[in-house]
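Per numbering that gives the first Met the number 0, the sequence shown starts with residue 0, numbered consecutively.
Heads up, the beta-carbon is just placed ideally off N, CA and C, and yes, glycines get one too.
What follows is a single structure, written as structure tokens, with notes after it.
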Amino acid sequence: MTTGGAGYDLSVVVSTHDRPLQLREAIAAIRAQDHPGPIETIVVDDGCPENSGDIAERHALHPRVVRQNNGGVSAARNRGIAEASGTYLAFLDADDRWHPRKLAVQIERLRAQGVAAFCFTRFRMAHGDGQPGDDSLHPSSTLQPSLRVLARNNFVGCSTVVVDRSCVQKVGGFPDSEALRKGGQDYALWLRIATVAPLVFVPEVLVDYWVHPTSRVGSDAVKNFEGAVFALQSFRAWNEQQFEVWTGSTYRALVGRRGLSMMQALWRGRRLDRRMWAKAMRSWARALIES
């Protein structure tokens with residue numbers, strides 16, 4: 000049974016701001032998990048104008064609902080972490096969906112590590128109509144994760160993560176800033192955690208990641224690039240002395256590589272209009288200048 004309360008081994012944090020219809024389905028996906036133990040479910044109503052907290056409270060799962068003024072996704076997730084009692088933390092965005100085996104598989108892998116660790120899975124990107132997009136499965140099933148690889152490409156979807164709570168506490172939770180509120184909050188935290196914990200990859204698709212026009216990331220190559228830059232800037236500022244040691248590269252080289260990837264993604268997506276290319280070039284140039 001999955002409820003809110005104390006004494007749980009696993010806590011799920013769901014942050015929501017403007018997804019009332021999707022929230023019901025997300026909570027239902029938590030309830031459908033095969034994980035044999037109890038799961039603490041915390042829904043953070045981040046100043047929702049449509050009263051998503053009320054919708055969550057009426058759900059048969061009876062999650063614990065925490066309400067706060069709108070402070071952005073990092074603040075909402077950090078509030079959920081502060082309220083959680085579980086040894087392990089999982090994050091679910093209201094518009095993503097878990098497969099029933101997800102938590103059971105990941106908790107088994109984490110317990111087998113013998114040390115505090117960070118676990119993530121493959122995911123499927125789908126559009127609003129539920130249909131998978133081109134190149135919809137991420138990351139590659141042959142991925143060999145490391146901090147240096149992560150610094151070059153964010154292969155972790157937030158809703159795929161289960162992590163030992165102590166790893167998050169060691170690095171201070173989700174970083175927050177004006178820049179990161181535009182994108183990159185998740186990635187900035189994964190980079191920090193990768194300095195203190197092993198990355199455990201489950202090469203199985205256990206999450207459906209829904210892409211819609213208001214997604215902070217997804218299929219928009221320029222938004223992805225900008226979010227990555229904000230995260231790398233945050234990571235460098237967090238420990239500038241160790242940045243190049245950890246990443247095996249300079250910040251400028253990482254931004255250059257990311258810019259090339261952005262251009263390749265635009266080309267593959269046949270985004271050939273001048274305005275999009277001009278926007279991409281301006282964003283890339285601005286990031287390089289700031290380096």
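Query	Result
How about Ser-233 and Ala-284: do their beta carbons lie closer than 7 angstroms?	no
Return the CA-CA distance between Arg-18 and Gly-52, expressed in angstroms with no decimal places.	11 angstroms
So Ala-187 is in the alpha helix (DSSP H); what residue range does that whole segment cover?	184-192
What do you reckon, are the CB atoms on Val-199 and Ala-279 nearer than 7 angstroms?	no
Report the option in His-98, Gly-71, Thr-159, Arg-76 whose CA atom is closest to the CA atom of Lys-181.	Gly-71
Would you mind working out which of Val-228, Ala-220, Pro-35, Thr-249 sits nearest Pro-99, comparing C-alpha positions?	Pro-35
From Val-244 to Arg-147, what distance separates their C-alpha atoms?	9 angstroms
Let me know the secondary structure DSSP gives Val-303 once reduced to three states.	This structure leaves residue 303 out entirely; the chain is present only between 0 and 290.
Among Trp-237, Phe-224, Val-161, Leu-20, which one has its Cα closest to the Cα of Ser-10?	Val-161
Which residues does DSSP list as the beta-bridge partners of Arg-66?	Asp-44
Taking the C-alpha atoms as reference points, what is the distance between Ser-176 and Val-170?	16 angstroms
Our contact map puts Gly-226 next to Gly-183 with C-beta atoms below 8 angstroms; I'd like the distance itself, whole angstroms only.	4 angstroms
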